[in-house]
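Everything on this sheet refers to the single structure shown next.
In the UniProt record's numbering, the protein residues as written are 1 to 430.
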C-alpha cells in the first residue's frame with residue numbers, strides 16, 4: 001500500500017539527464033534499527049561467492065602480459081586499484097542498467113552510486129547516512145528519480161518498503177510499504193512495478209501514484225520481472241513467472257484498467273524453474289533461461305512463438321543477465337562461468353551451429369545456435385552485461401571492475417578498456 005498523500009510529479013531533464021520534481025514533502029519513511037545482515041539470501045545472480053576476490057586477482061595477474069609479452073603498466077595500475085578496493089571490503093549487493101543501458105546503479109552497504117557508462121564516470125553517490133545499506137535499486141531512464149529497497153548489513157529502512165529518492169531535492173519523496181519483503185522494482189515513465197515473492201503490484205507513476213492491479217505469481221524468490229521501457233512502443237509488455245513450472249506470463253499494460261487485470265497469456269518456455277528474463281525495448285521479443293543455464297530461448301511476444309534457441313554451453317551454469325541490443329539484432333548474456341556470450345538474432349548465419357536437437361516438450365526439432373563471439377571476466381563473479389555503440393559490449397562486475405570489448409562479424413572480440421568503477425570520484429556536473 002502507499003503510505004503518504006498523493007503527489008504531483010513533474011519529469012524534467014537531469015544529465016544523467018531527465019529531472020523530476022515532486023511536491024509536497026511526504027512523511028518520513030519508516031525506519032528500522034541497524035541490525036545483522038539481511039536474513040533473506042541475495043539471489044545467486046547478484047551474490048559474491050567465496051573466493052571471488054582471489055579469483056579476480058588471479059584472473060588479472062594472468063592478463064598482465066600484452067601481446068608482446070611485456071608488462072602492461074596500465075593494467076598493473078588497475079590491479080593495484082582493485083586490490084585496494086578489495087581491502088575495503090565494499091559490499092556490492094546489486095547492479096542494474098537503466099532502460100537505455102547508458103547508466104547503471106550500484107547498491108552497496110555504503111549506499112547507492114550512479115554511473116555513466118560511456119565515458120565511465122560516477123554521476124551521483126547517495127551515502128549510507130541518507131539511505132543506509134541498499135539491497136535493490138532502479139533508475140528511471142537518466143532522471144533524478146531513483147527507487148531503492150533497504151537491505152544488507154546496516155539497513156536504514158525496512159526491506160518491505162520501496163523508497164523514491166529525488167536527487168534534485170536530495171530527499172526521499174515517496175514511500176510504498178508492503179506486508180512482505182520487496183525483491184525487485186521496475187520503473188517506466190508511466191508505471192512503477194513492485195515485485196514480491198508471490199505477487200507483482202503495478203502502480204501509475206509518477207503523478208499521484210495509485211495501484212492499478214496485482215498479479216499472483218509462482219514462488220519468485222529471484223524477483224524475476226521485466227517490462228518494456230519505451231512509452232512510444234506498440235506493445236507495453238510486463239513479463240514474470242507464471243504459476244506453471246517454467247512458464248512466463250505476459251501482460252499488455254495498454255489493455256489494463258484500474259483494479260482490473262487482463263486475462264493471462266503464457267509461454268511455456270522451459271521444463272525447469274526460470275532463472276533469467278529479458279525483454280527488448282519495443283516489447284516485441286522476450287528472452288528466457290532456466291536454472292539449468294544451457295539454453296536461451298527467444299520468443300515473439302505477439303504470437304508467443306519460439307524464434308531462436310541459443311546455446312550458452314553444454315554444462316549447467318547460473319545466468320546472471322540477458323540483454324538485447326538497442327536494435328534487437330544481437331543478444332548477450334553473462335554467467336558464473338566467467339564468459340560473456342554474444343549472439344546474432346537478425347543475421348543468424350553469423351552464429352556457430354550445432355546439429356539438430358529435439359525440443360522435447362515443444363515437439364519437433366530446432367537447430368541450436370552457439371555464440372558468435374565471447375570474452376571472459378573473473379569466474380564466479382556476478383556481473384551484468386549490455387551493448388554499447390559500435391559493436392561494443394560492457395560487463396560490470398560486483399568486484400568493482402568494468403570491462404568493454406568490441407566484437408566483429410568474424411567472431412573476434414578485443415578488449416577496448418578496463419577500469420575499476422568503485423575507485424572513481426563523483427562528477428558533480430550533471
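We put the CB at the ideal spot given by N, CA and C, even for glycine.
In chain order, what residues of the same chain lie with their CB nearer than 6 Å to the CB of residue i, ignoring the 5 residues before and after it?
{"i": "residue 266", "result": "242, 247 and 249"}
{"i": "residue 218", "result": "241 and 243"}
{"i": "residue 128", "result": "110 and 111"}
{"i": "residue 116", "result": "103 and 123"}
Ends of the alpha helix (DSSP H) at residue i?
{"i": "residue 131", "result": "128-131"}
By the DSSP assignment, the beta strand (DSSP E) with residue i in it spans what residues?
{"i": "residue 349", "result": "No beta strand (DSSP E) contains residue 349, which DSSP labels as neither H nor E."}
{"i": "residue 241", "result": "237-241"}
{"i": "residue 155", "result": "145-155"}
{"i": "residue 419", "result": "413-420"}
{"i": "residue 186", "result": "182-187"}
{"i": "residue 199", "result": "199-204"}
{"i": "residue 111", "result": "111-116"}
{"i": "residue 163", "result": "161-166"}
{"i": "residue 171", "result": "171-177"}
Return the residue from the list the options that minimises the CA-CA distance to residue i.
{"i": "residue 320", "options": "394, 112, 277 and 91", "result": "277"}
{"i": "residue 233", "options": "218, 253 and 222", "result": "253"}
{"i": "residue 314", "options": "284, 112, 423 and 337", "result": "337"}
{"i": "residue 272", "options": "264, 288, 282 and 283", "result": "288"}
{"i": "residue 279", "options": "170, 99, 136 and 367", "result": "99"}
{"i": "residue 152", "options": "169, 133, 138 and 395", "result": "133"}
{"i": "residue 446", "options": "347, 317 and 402", "result": "Residue 446 falls outside the range modelled here, since the chain spans only 1 to 430, and no answer is possible."}
{"i": "residue 201", "options": "170, 167, 235 and 160", "result": "160"}
{"i": "residue 275", "options": "221, 302, 235 and 264", "result": "221"}
{"i": "residue 113", "options": "326, 352 and 105", "result": "105"}
{"i": "residue 344", "options": "131, 302, 296 and 380", "result": "296"}
{"i": "residue 419", "options": "406, 407, 402 and 412", "result": "402"}
{"i": "residue 118", "options": "245, 158, 398 and 387", "result": "387"}
{"i": "residue 461", "options": "197, 407, 304 and 194", "result": "Because the chain in this structure spans residues 1 to 430, residue 461 falls outside the shown range and cannot be described."}
{"i": "residue 264", "options": "299, 284 and 304", "result": "304"}
{"i": "residue 301", "options": "227, 92 and 97", "result": "227"}
{"i": "residue 182", "options": "157, 170, 189 and 205", "result": "157"}
{"i": "residue 415", "options": "382, 268, 392 and 290", "result": "392"}
Could you give the distance in angstroms between the alpha-carbon of residue i and the alpha-carbon of residue j?
{"i": "residue 48", "j": "residue 373", "result": "Here residue 48 scores only 37 on pLDDT, less than 50, and its place in the model should not be relied on; the value that follows carries that caveat. Rounded to the nearest angstrom, the two C-alpha atoms are 26 Å apart."}
{"i": "residue 432", "j": "residue 199", "result": "Only positions 1 to 430 of the chain appear in the structure, and residue 432 is not among them; the question remains open."}
{"i": "residue 162", "j": "residue 146", "result": "10 Å"}
{"i": "residue 404", "j": "residue 376", "result": "11 Å"}
{"i": "residue 164", "j": "residue 328", "result": "31 Å"}
{"i": "residue 378", "j": "residue 212", "result": "42 Å"}
{"i": "residue 138", "j": "residue 286", "result": "20 Å"}
{"i": "residue 394", "j": "residue 120", "result": "11 Å"}
{"i": "residue 195", "j": "residue 342", "result": "29 Å"}
{"i": "residue 131", "j": "residue 170", "result": "11 Å"}
{"i": "residue 396", "j": "residue 390", "result": "18 Å"}
Measuring only between beta-carbons, confirm whether residue i sits less than 8 Å from chain C.
{"i": "residue 418", "result": "No chain C appears in this structure, which consists of one protein chain only."}
Leaving out five residues before and five after residue i in sequence, what residues of the same chain have Cβ atoms less than 7 Å from its Cβ?
{"i": "residue 230", "result": "281 and 282"}
{"i": "residue 363", "result": "Confidence is the limiting factor: at residue 363 the pLDDT is only 47, short of 50, which leaves the residue's position unreliable and the question unanswerable from this model."}
{"i": "residue 417", "result": "404"}
Suppose the cutoff is 8 Å on Cβ atoms and the five residues either side in sequence are ignored; what does the same chain contact list for residue i look like?
{"i": "residue 425", "result": "122"}
{"i": "residue 348", "result": "308 and 369"}
{"i": "residue 214", "result": "199, 200, 201, 202 and 261"}
{"i": "residue 87", "result": "Interpretation of residue 87 is limited by its pLDDT of 47, a score under 50 that renders its predicted location unreliable; no figure is taken from the coordinates."}
{"i": "residue 326", "result": "100, 101, 281 and 387"}
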